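Trainee:
2 protein chains.
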Amino acid sequence: MNQDSTHWRTGQQSKADRLERAKRIAPAKLVDSSLAVALLEAVLQPRDRVCLEGNNQKQADFLAQCLAKVNPEKINHLHMLQSVVALPEHTALFEKGIASEIDFSFSGPQGARLANLVTAGKIKINAIHTYLELFGRYFVDLTPNVAFIAAEAADAQGNLYTGPNTEDTPAIVEATAFKNGIVIVQVNDLRDSLPRVDIPADWVDFVIVAPRPNYIEPLFTRDPAQISEIQVLMAMMVIKGIYAEYGVKRLNHGIGFDTAAIELLLPTYAESLGLKGQICTHWALNPHPALIPAIEAGFVQSVHSFGSELGMEKYIAARPDVFFTGADGSMRSNRAFSQAAGHYACDLFIGSTLQIDTFGNSSTATKGRITGFGGAPNMGADARGRRHESAAWLKAGRQAQHKPNHIPRGRKLVVQMVETFREHMAPAFVERLDAWDLADSMGLNNPPVMIYGDDVTHIVTEEGIANLLLCRNDEEREQAIRGVAGYTSVGLGRDQAMVDALRARGVIKRAEDLGISIRQASRDLLAAKTVKDLVRASGGLYNPPSRFRNW
Amino acid sequence: MNQDSTHWRTGQQSKADRLERAKRIAPAKLVDSSLAVALLEAVLQPRDRVCLEGNNQKQADFLAQCLAKVNPEKINHLHMLQSVVALPEHTALFEKGIASEIDFSFSGPQGARLANLVTAGKIKINAIHTYLELFGRYFVDLTPNVAFIAAEAADAQGNLYTGPNTEDTPAIVEATAFKNGIVIVQVNDLRDSLPRVDIPADWVDFVIVAPRPNYIEPLFTRDPAQISEIQVLMAMMVIKGIYAEYGVKRLNHGIGFDTAAIELLLPTYAESLGLKGQICTHWALNPHPALIPAIEAGFVQSVHSFGSELGMEKYIAARPDVFFTGADGSMRSNRAFSQAAGHYACDLFIGSTLQIDTFGNSSTATKGRITGFGGAPNMGADARGRRHESAAWLKAGRQAQHKPNHIPRGRKLVVQMVETFREHMAPAFVERLDAWDLADSMGLNNPPVMIYGDDVTHIVTEEGIANLLLCRNDEEREQAIRGVAGYTSVGLGRDQAMVDALRARGVIKRAEDLGISIRQASRDLLAAKTVKDLVRASGGLYNPPSRFRNW
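One line per chain: the protein sequences are A and B, in this order.
Going by my numbering, the first residue of the first sequence is number 301, and it counts up by one from there.
Going by my numbering, the first residue of the second sequence is number 301, and it counts up by one from there.
Pasting the structure below:
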């Protein structure tokens, strides 16, 4: 037995050794950015598990650039842990032989390069996760040795102010700092005193003022000018056929024009149906600019956010009754808590996808592109651990109850909203997901599915709503899906008699079955038709990024 | 439109008004304990949502006592939010008319009083939650107006050191402090400098040094002397028939002697089967003293904890390779992250229950006692949002796959481990759960089930293991359960021919089918037979509470 020997302190010893090496480069906690690459070479070791912060929005981009500059002969075979693979430097790590293995959640623009790296044998992708799953593993079997994070500002002690874009930082830092790991932060500036403390100084090892402010992508901004009347129609069906039908008060919206259309119809169409206060009062949602008119109309009581959105800072600070803000007035986002809220405290998740099969399985992974799923699998899964009741959850549960002698349980509403054809006339409905081929090329046992069909309760297209809860067997389910799949080959493959029978039973509902005439579905219903309208609705508080300003 | 008027700042204004009233009682952040009741009367308002910290372990007991002393004519109809209802003061709030409504997760010793309060019409129980679900709602529709929390120490600024028992504090404080709420903390002492900062000062409004250190319950300590040979037998079946069978490396154990027996067999029985390094390497688990021999034997690589356990402080500090500890050497627990880890990063949850029905539904809610479920619903539910693969998860998923044309997915292993009769010869297997009656008396739509049958994969009793994954219909499932239900009336109601057929198929496995002879199942196999043995195994580092010292 080695009761209190170094045998049990290999992590502490490793950290001490790394800090000792670092001291030769940078004697203090505050490190000049010109020394960053050397610092990284000093603290890193081959085969380290390295967490590089970056999500859809905030990116530790300077540290990513520095990491891509370390000498691959010294630092190699790193095992990367990342919420998102987004920057060219992220894939460059593998091209250069600095890193060889990755566990991640999402890759947007780098999806094709990731696929190429797999083909070239330069990367081992262990798994694609949903965010909260990856965070969970940071505390079990994927605890980082070194974490690179981004904050708005630090003080002299190293306390961090993450401001509105706190995002993944608390989860990453806690897992690293409390298991002998090293935390290095890039900040935009040093301040004598911080507006508030988001991360305590003693959780942080090194602070580097980056040459440029960290990159933030305004990913959740949708220009209302690009919303089509088809999308208005679908949004009307969702509001009347699902939100009003179940009384959905607590929810999350995915990213996209489809759901932006819903947000913009709340103060107009939904209000005209008398739904104010009855639906959409509590949200787990980034501060979507498209939500401004609904907030101003008094539709929204509370919004907790995963991250922030560029340009929304002043508006959020002026609406502290709605958003979670600190004593300094700016927002505190937190992806881990917002994902827990999205999973457990919301009655509905609605999002879009690239492909849906005849079982209702959907995926954004298509041929030649390894993307990922972000928060969708967590929020688009029935929360089987949930126990509290709400009207929406109980009603969905009753509809799903097939066998009267089984014990009743509630059910989360999980809605997929897609036009039957995507851009370039690619069908959204397919007989077989591309994910099957991707599984082969990535060496996965299971195809990378975003949301499994048995978790989906409704599919909405311009042709109508298919309520999968009411289907009583696989055949009904398949025909309900074909019955809203329009002129895709999946839609054309329907059994018309069965589809008619399902419609008669209310399993499929067309717009007219909901009392919605297609002529009503006009862009005039949108509470804002342009970004400028959103700025106006905000009383000038919303300050959109320049790319969204065309006036 | 009220662009930036007070209309959008009612929460901020309310907080300012409360702080103004408080200033008349206590002008500074540090408040003398003699003024605590007056402070509470100043900051609280009728119908406030009030979060009172306390879980299985750490309790904000002084603040609970103070809250029970406020004048119910001034402060009433509080809506309580609590992880656990544990102290007499918690129920006294309702008896005195200070509080009238509650959302909670678990009630141990106060379960009978809770039931009486319901009968007397003095409490409205909105719902029983699993912890992470309740935390999630703090960010959506149950955000606290005031939170009462407990920490080990504070410094003059109000930075908090929560030490090993961080537990629920970060989740509660974040939800309250960032939505215009007031955070009041009781600490055991004030220090010039803290060993580390767990909660930053600017998240905290008032600090009170309590007259006595906060109460902590050593809830996860099980005396090995009380483990029976039946429990040894069941533990052997679990190790060989489930852990080895699926290669379970990442897991969570419930509380109890059954799972303590498994922990104590790892360095003996499991080691003899060559399973070291093959099973039980990574845990989401409180620091169970029963795990000490397995840790010392090198079985365990990592443990992340929901909370700490009294007496384990020095042992944890001496094993930083295994536990999550801060730079000060003491543990940082965090219930929210450990629950996320338990849900998403573990391949198996095993726990016990009071009642199981013939569908496999289980509940700890029995007649006349409103208890709750703690973390079990979250960890004992198939994590349908999980996407990363592991051998155990894939194998369970393959066994659950009934239809070859369905898309494959993995599956969490959820094991219920019970002796067929509990104490006082109460059968663990019942035709109908008491939860049905409880639902009626509490006004719930659904019976309060701890783990739903369709999430359970295995039931283990002294009679054997029923693998529910391999059952192909409701009838097989029912007979598999009856087939391990022993001499309970559920067990006696079995169809012997079907049970024999299920055994032939390996759906039911008896000890002998696993190559385990009942004579092997001796207490001699336990790596520690007494608490003293545990102390010895720890090299004297484990310091059990006096009630566990009988030498």
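Ideal placement from N, C-alpha and C gives every residue a C-beta, glycine not left out.
Remember, it's a predicted structure, so these values are computed and weren't measured experimentally.
Can you find the residues in the same chain that come closer than 7 Å, C-beta to C-beta, to B/M301, ignoring five residues on each side of it along the sequence?
Mentor: As a position in the second sequence, residue 301 of chain B is number 1, starting the count at 1. In this prediction, B/M301 scores a pLDDT of 45, lower than 50, which makes its location untrustworthy; no coordinate-derived value is stated.
Trainee: By DSSP's criteria, A/C351 is part of a beta bridge. Which residues make up the other side?
Mentor: As a working mapping, residue 351 of chain A is identified with position 51 in the first sequence. DSSP, once it has assigned bridges, lists A/L381 and A/A447 as partnering A/C351.
Trainee: With the cut-off set at 7 Å, would you say B/T830 and B/G786 are in Cβ contact?
Mentor: Taking the first residue of the second sequence as position 1, residue 830 of chain B is located at position 530. Taking the first residue of the second sequence as position 1, residue 786 of chain B is located at position 486. Their beta carbons are not under 7 Å apart, which means B/T830 does not touch B/G786 by this criterion.
Trainee: Under a CB-based cut-off of 7 Å, is B/A640 close to chain A?
Mentor: Taking the second sequence and counting its residues from 1, the one referred to as residue 640 of chain B is at position 340. Answer yes: the Cβ-Cβ gap between B/A640 and chain A drops below 7 Å somewhere.
Trainee: Is A/R437 near the ligand GTP - that is, is its Cβ less than 6 Å away from at least one heavy atom of it?
Mentor: The ligand GTP is absent from the structure shown, which contains no ligand whatsoever.
Trainee: Quick check on the DSSP output: the alpha helix (DSSP H) that includes B/D824 runs from which residue to which?
Mentor: Your numbering for residue 824 of chain B matches position 524 in the second sequence. Careful: B/D824 lies outside any alpha helix (DSSP H) and carries neither H nor E.
Trainee: Would you tell me roughly how many angstroms separate the C-alpha atoms of B/N843 and A/L841, rounded to the nearest one?
Mentor: Residue numbering aside, residue 843 of chain B sits at position 543 when the second sequence is read from its first letter. Residue numbering aside, residue 841 of chain A sits at position 541 when the first sequence is read from its first letter. About 59 Å.
Trainee: Look up A/N678 in the DSSP assignment and say whether it is helix, strand or coil.
Mentor: For the purposes of this step, residue 678 of chain A is identified with residue 378 of the first sequence, where counting begins at 1. Helix at A/N678.
Trainee: So, using beta-carbon positions, are B/T391 and B/Q410 closer together than 7 Å?
Mentor: Locating residue 391 of chain B in the second sequence gives position 91, counting from the first residue. Locating residue 410 of chain B in the second sequence gives position 110, counting from the first residue. Cβ distance < 7 Å, so B/T391 and B/Q410 count as in contact.
Trainee: Taking the alpha helix (DSSP H) that B/D489 falls in, what are its first and last residues?
Mentor: In the second sequence, counting from the first residue as 1, residue 489 of chain B sits at position 189. From DSSP, B/D489 is part of no alpha helix (DSSP H) but of the beta strand (DSSP E) over I482 to L490.
Trainee: Since A/I759 and A/G660 should fall inside the 8 Å C-beta cutoff, what is the C-beta to C-beta distance between them, to a whole number of angstroms?
Mentor: On the first sequence, position 459 is the one that residue 759 of chain A refers to. On the first sequence, position 360 is the one that residue 660 of chain A refers to. At roughly 7 Å, the Cβ-Cβ gap stays under 8 Å, so A/I759 and A/G660 are in contact.
Trainee: Please state if the CB of A/H307 and the CB of B/L687 are separated by a distance shorter than 7 Å.
Mentor: Start at 1 with the first residue of the second sequence, and residue 687 of chain B comes out as number 387. Start at 1 with the first residue of the first sequence, and residue 307 of chain A comes out as number 7. Here residue 687 of chain B turns out to be Arg, not Leu, going by the sequence shown. No, the Cβ-Cβ distance between B/R687 and A/H307 is not below 7 Å.
Trainee: So who's on the other strand from B/F362, going by DSSP bridges?
Mentor: For the purposes of this step, residue 362 of chain B is taken as the residue at position 62 of the second sequence. None, per the DSSP bridge assignment.
Trainee: Could you spell out where the alpha helix (DSSP H) holding A/D774 opens and where it closes?
Mentor: For the purposes of this step, residue 774 of chain A is taken as residue 474 along the first sequence, with counting starting at 1. Note, A/D774: alpha helix (DSSP H), D774 to R782.
Trainee: Please report the straight-line C-alpha distance between A/L591 and A/A837, rounded to a whole angstrom.
Mentor: Translated into the one-based positions of the first sequence, residue 591 of chain A becomes position 291. Translated into the one-based positions of the first sequence, residue 837 of chain A becomes position 537. Those two C-alpha atoms are separated by around 10 Å.
Trainee: From what residue to what residue does the alpha helix (DSSP H) around B/E517 run?
Mentor: In the second sequence, counting from the first residue as 1, residue 517 of chain B sits at position 217. Neither: B/E517 is in no alpha helix (DSSP H) and is coded neither H nor E.
Trainee: Within 10 Å of its beta-carbon, does B/N371 have 16 or more other beta-carbons around it, so buried, or fewer, so exposed?
Mentor: Taking the first residue of the second sequence as position 1, residue 371 of chain B is located at position 71. Exposed, since its Cβ has fewer than 16 Cβ neighbours within 10 Å.
Trainee: Are three or more beta carbon pairs between the segment 660-669 of chain B and the segment 623-637 of chain B nearer than 8 Å?
Mentor: With a cut-off of 8 Å, the segment 623-637 of chain B and the segment 660-669 of chain B do not count as touching, because too few Cβ pairs lie within range.
Trainee: When Cβ atoms are compared, which residues of the segment 468-483 of chain B fall closer than 9 Å to chain A?
Mentor: Going along the segment 468-483 of chain B in chain order, one finds P470, A471, E474, A475, A477, F478, K479 and N480 with a Cβ nearer than 9 Å to chain A.
Trainee: Rounding to the nearest angstrom, what Cα-Cα distance links B/A640 and B/N552 in this structure?
Mentor: The residue you call residue 640 of chain B lines up with position 340 of the second sequence. The residue you call residue 552 of chain B lines up with position 252 of the second sequence. C-alpha separation (whole angstroms): 12 Å.
Trainee: Can you give me the Cβ contacts of A/E467 inside the same chain, cut-off strictly under 6 Å, excluding the 5 residues immediately before and after it?
Mentor: Locating residue 467 of chain A in the first sequence gives position 167, where the first residue counts as 1. So the list reads N355, K358, G607, S633 and R635, once near-sequence residues are dropped.
Trainee: Determine, for A/N843, whether the minimum Cβ-Cβ distance to residues of chain B falls below 7 Å.
Mentor: Against the first sequence, residue 843 of chain A aligns to sequence position 543. Not closer than 7 Å to any Cβ of chain B, the Cβ of A/N843 fails to qualify, so no.
Trainee: Go ahead and label A/L738 buried or exposed: buried means 16 or more other beta carbons lie within 10 angstroms of its beta carbon, across all protein chains shown.
Mentor: If you number the first sequence from 1, residue 738 of chain A lands on position 438. Its Cβ being crowded by 16 or more others within 10 Å, A/L738 is buried.
Trainee: Which residues does DSSP list as the beta-bridge partners of A/V760?
Mentor: As a position in the first sequence, residue 760 of chain A is number 460, starting the count at 1. Answer by DSSP bridge pairing, in chain order: A/M717 and A/I765.
Trainee: Classify A/D441: buried if its beta carbon has 16 or more other beta carbons within 10 angstroms, exposed otherwise.
Mentor: Counted from its first residue, the first sequence places residue 441 of chain A at position 141. So A/D441 counts as buried.
Trainee: Flag this pair as yes or no: are the beta carbons of A/Y438 and A/E452 separated by less than 7 Å?
Mentor: The residue labelled residue 438 of chain A in the question sits at position 138 within the first sequence. The residue labelled residue 452 of chain A in the question sits at position 152 within the first sequence. In this structure, A/E452 does not lie closer than 7 Å to A/Y438 by Cβ.
Trainee: For a cutoff of 7 Å on Cβ pairs, would you count A/N678 as touching chain B?
Mentor: Taking the first residue of the first sequence as 1, we reach residue 678 of chain A at position 378. It does; some Cβ of chain B falls within 7 Å.
Trainee: Where does A/S846 sit, in a helix, a strand or coil, going by DSSP?
Mentor: Here residue 846 of chain A refers to the residue found at position 546 when the first sequence is read from its first residue. If DSSP states are grouped into helix, strand and coil, A/S846 belongs with the helices.
Trainee: Leaving out the 5 sequence neighbours to the left and right, which residues in its chain are closer than 8 Å to A/M742 when beta-carbon positions are compared?
Mentor: Translated into the one-based positions of the first sequence, residue 742 of chain A becomes position 442. Result list for A/M742: V418, I425, I670 and P748, in chain order.
Trainee: Do you know how far the Cα of A/A471 is from the Cα of B/V507?
Mentor: Looking up residue 507 of chain B in the second sequence gives position 207. Looking up residue 471 of chain A in the first sequence gives position 171. Distance between the alpha carbons of B/V507 and A/A471: 26 Å.
Trainee: Tell me which residues of the segment 713-746 of chain B have at least one Cβ-Cβ distance to chain A shorter than 7 Å, keeping chain order.
Mentor: For the segment 713-746 of chain B, which is checked against every Cβ of chain A, the residues closer than 7 Å are L744, N745 and N746.
Trainee: Compare the C-beta of A/H379 with all C-beta atoms of chain B and state if any pair is closer than 7 Å.
Mentor: Indexing the first sequence from 1 puts residue 379 of chain A at position 79. Chain B, which has no Cβ nearer than 7 Å to the Cβ of A/H379, makes this no.
Trainee: Is there a Cβ of chain A sitting closer than 7 Å to that of B/D455, yes or no?
Mentor: Position 155 of the second sequence holds residue 455 of chain B. Cβ-Cβ to chain A under 7 Å: no for B/D455.
Trainee: With respect to the beta strand (DSSP E) encompassing B/S407, which residues constitute its N-terminal and C-terminal limits?
Mentor: Translated into positions along the second sequence, residue 407 of chain B becomes position 107. Segment A399 to S407, the beta strand (DSSP E) holding B/S407.
Trainee: For B/H569, which residues in chain A fall below 9 Å Cβ to Cβ?
Mentor: Taking the first residue of the second sequence as 1, we reach residue 569 of chain B at position 269. Inspection of the sequence shows that residue 569 of chain B is occupied by Tyr rather than by His. Under the 9 Å cutoff, chain A gives no residues; its nearest Cβ is about 20 Å from B/Y569.
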